[in-house]
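In our numbering, the protein residues as written are 124 to 560. Backbone N, C-alpha and C define an ideal beta-carbon position, used for all residues, glycine too. Everything numeric in this text was worked out from a predicted model, so none of it was measured.
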Amino acid sequence: MQTVLGRQVSSATSFRSQALSAAPAVARGHAARPRHLVVSASLTRRPEDEVLGGKPLMNSMDDEASNALGAGAVQSYKPAPRSSLRMGLPSKGRMAEDTMDLLKDCALSVYKPNPRQYVAKIPQIPGLEVWFQRASDVVRKLRYGDIDLGIVGTDMFQELTDGDPDLVVCHEALGFGQCHLALGVPMTGKFADITSLEQLRDMPDWTPDTPLRVVTGYHNIARRFFAKHGFKHVVLLSADGALEAAPAMGSADIILDLVSTGVTLRENNLREIEGGNILESQGILVANRKSLLAHPELLEIVHELIERFDGHLKAEQFYSVIANMRGDSPEQVADLLLTAPGLQGLQGPTIANVYNRSPEAKNAQHHFYAATICVRKKQLYAAVKALQKLGGSGVLVQPMTYIFDEEPARWTKLLATLGLDPAQYGNGNGNGNGAAH
Ligand SMILES: Nc1ncnc2c1ncn2[C@@H]1O[C@H](COP(=O)(O)OP(=O)(O)OP(=O)(O)O)[C@@H](O)[C@H]1O
Ligand SMILES: O=P(O)(O)OC[C@H]1O[C@H](OP(=O)(O)OP(=O)(O)O)[C@H](O)[C@@H]1O
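The following block contains the structure:
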């Protein structure tokens, strides 16, 4: 293994110096990139092995197009004509399930007539086709304009778009797929005392012949990161999974991969280091800018998605709590709640009369009022205790589906990004403050 890998790495290194000095920069497709730092190779013999010296995208349509047509291929690609708007969703893996769950929770269930088909519908949004694709392909097809909207992780988006101005992030926090992209460094051996990025960079071990070997699926992000932090001798290796095993096998020095609980790193005797957390990631909603500007119906769909996602993600954090409170007047009950900790709700309680015509109620000293407040899920028990202390009874607790604001700030921001007038496209008042309880 060592021998085979040694051959791959050294051939990568020698090809690097050859390629960088001999080939014209434009033909390599990355003229502005510094010449000295990172080479890409692969642990497996895949098409990306062919291109060393740092390539903009791994084994993608972009590569194929730019290899064949040269720089600017993305701009000159013409998507096939079509009559429907399209949204791309991840077809497999954890993102797929979480995306479907979010849509379902927002009453936008996806109807897929046949599990082997890649096209589906959301009956609530009739003009929109849903296409299931690998997350990486969702990003590529968005860039090409073959789909108009998509849901992917920030990690994939950053890796495959390279700041493409044709793509617009419409919602950057869908609340699932939370993880971060980080360096994983062995806990033992020559890395035992390495706790920061600077220490890693300054290790005397890294030379043109023995570069730091980083195995990762994120070559573009890695290339930018190591260049920015002054690493001089780095080789980027590829693998399709189980990256965490590579250092123990001796096939890489460190890894760059996604971390959420940290268990996989720990179980493989790896750890994070200071400065090695490159990117925070979660699910995001992305759209093709040209599609948004060309199709007002798409803008309406995005508006609805942002409102539903925002409304639902906010509602998920709260319960609606209704308690019957003894009091002399609605104002007096409101005063009680507004001065008690944790019972203010989002904007203040709603107080309503409780109509009880029983003889007991007629003779009672106090009238009952129903107070409705939103309470953070984490603070529910404390709130119930506080209500009981104030004489609250019959406390009803309900989950909520949506808390709709008057106009989500994300929508206003998107319109500004697109240079569109909020007066023409908004809900009409431009006020982002919710009037919830
Ligand atoms: N441990 C994790 N915790 C949370 N989210 C994660 C985690 N690992 C990956 N993700 C998110 O899920 C996305 C897809 O990862 P997943 O491992 O499910 O698919 P994949 O195996 O990368 O897909 P493919 O087979 O298309 O390469 C990632 O891009 C990231 O945004
Ligand atoms: O910090 P943790 O919670 O342990 O999660 C991290 C792991 O999750 C992802 O792999 P995944 O489980 O998706 O399997 P994969 O390697 O097949 O993509 C990632 O590639 C890490 O290996």
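query: Is Pro453 near ligand 1, judged by its Cβ being under 8 angstroms from some heavy atom?; result: no
query: Just to confirm, does Asp380 get its C-beta within under 8 angstroms of one of the non-hydrogen atoms of ligand 2?; result: yes
query: Of all the options Ser374, Ile344, Tyr504 and Ala494, which has the alpha carbon lying nearest to the alpha carbon of Gly468?; result: Ala494
query: For Lys235, which residues of its own chain have a beta-carbon under 6 angstroms away from its beta-carbon, when the five flanking residues on both sides are left out?; result: Ala243
query: I believe Gly300 touches Ser404 by the beta-carbon criterion, under 8 angstroms. Please report the beta-carbon distance rounded to the nearest angstrom.; result: 7 angstroms
query: May I ask you to report which of helix, strand or coil DSSP gives Trp534?; result: helix
query: Below 9 angstroms between beta carbons: does that hold for Gln256 and Tyr267?; result: no
query: Would the region 443-460 and the region 259-266 be scored as touching if the rule is three or more Cβ pairs under 8 angstroms?; result: no
query: Return the CA-CA distance between His489 and Leu466, expressed in angstroms with no decimal places.; result: 21 angstroms
query: Looking at C-alpha atoms only, which residue of Asp289, Thr284 and Leu212 is the closest neighbour of Val261?; result: Leu212
query: Which class does Asn447 belong to by DSSP, given the choice of helix, strand or coil?; result: strand
query: Give the C-beta separation of Leu381 and Leu304 to the nearest angstrom, bearing in mind that I take them to be a contact with Cβ-Cβ under 8 angstroms.; result: 6 angstroms
query: Counting only runs that start and end within the region 487-540, where is the beta strand (DSSP E) found for 3 or more residues in a row?; result: 490-499 and 516-522
query: Expressed to the nearest angstrom, what Euclidean distance is found between the alpha-carbon atoms of Ala506 and Ser206?; result: 53 angstroms
query: In whole angstroms, what separates the C-alpha of Pro202 from that of Asp269?; result: 5 angstroms
query: For the pair the region 221-231 and the region 394-401, tell me if three or more CB-CB distances fall below 8 angstroms.; result: no
query: What residue range is occupied by the uninterrupted beta strand (DSSP E) comprising Pro309?; result: Cys302 to Pro309
query: Let me make sure I understand the geometry here. Which of Thr535, Met448, Asp458 and Thr462 has the alpha-carbon closest to that of Val477?; result: Met448
query: What three-state label does DSSP hand Leu543 in the structure shown?; result: coil
query: Can you tell me which of the three DSSP states Ser165 falls into?; result: Residue placement at Ser165 is flagged as unreliable, the pLDDT there being 43, under the threshold of 50; a coordinate-derived value is accordingly withheld.
query: Please report how far the alpha carbon of Leu436 lies from the alpha carbon of Gly373, in whole angstroms.; result: 44 angstroms
query: Should Gln470 be labelled buried (16 or more other beta-carbon atoms within 10 Å of its own) or exposed?; result: exposed
query: Where does Glu390 fall in DSSP's three states?; result: helix
query: Let me know the secondary structure DSSP gives Ala243 once reduced to three states.; result: strand
query: Between which residues of its own chain and Asp433 is the CB-CB distance below 6 angstroms, once the five residues before and five after are set aside?; result: Pro531
query: Taking 8 angstroms as the cut-off, does the CB of Ala362 come closer than this to any heavy atom belonging to ligand 1?; result: no
query: Tell me, to the nearest whole angstrom, how far the beta carbon of Leu297 is from that of Leu225; I am working on the premise that it is less than 8 angstroms.; result: 6 angstroms
query: Buried or exposed, going by whether 16 or more other CB atoms sit within 10 Å of the CB of Val386?; result: exposed
query: Between the alpha carbons of Ser516 and Lys508, how many angstroms are there, rounded?; result: 11 angstroms
query: Buried or exposed: Thr284, going by 16 or more other Cβ atoms within 10 Å of its Cβ?; result: buried
query: Have a look at Ala487, Ser452 and Glu483 and flag the residue whose alpha-carbon is nearest the alpha-carbon of Ala475.; result: Ser452
query: May I ask you to list the residues that DSSP assigns as paired with Trp329?; result: Looking at the DSSP assignment, Trp329 forms no beta bridge with any residue, so it has no partner.
query: When you measure from the CB of Thr384 to every non-hydrogen atom of ligand 2, does any distance come out below 8 angstroms?; result: yes
query: Among residues of its own chain, excluding the 5 on either side of Trp329, which ones have a beta-carbon nearer than 8 angstroms to its beta-carbon?; result: Leu335, Phe354, Lys355, His356 and Val357
query: Given the structure, does Arg394 come close to ligand 2, in the sense that its CB is under 8 angstroms from one of the ligand's heavy atoms?; result: no
query: What is the residue span of the beta strand (DSSP E) that Asn476 lies within?; result: Thr473 to Asn476
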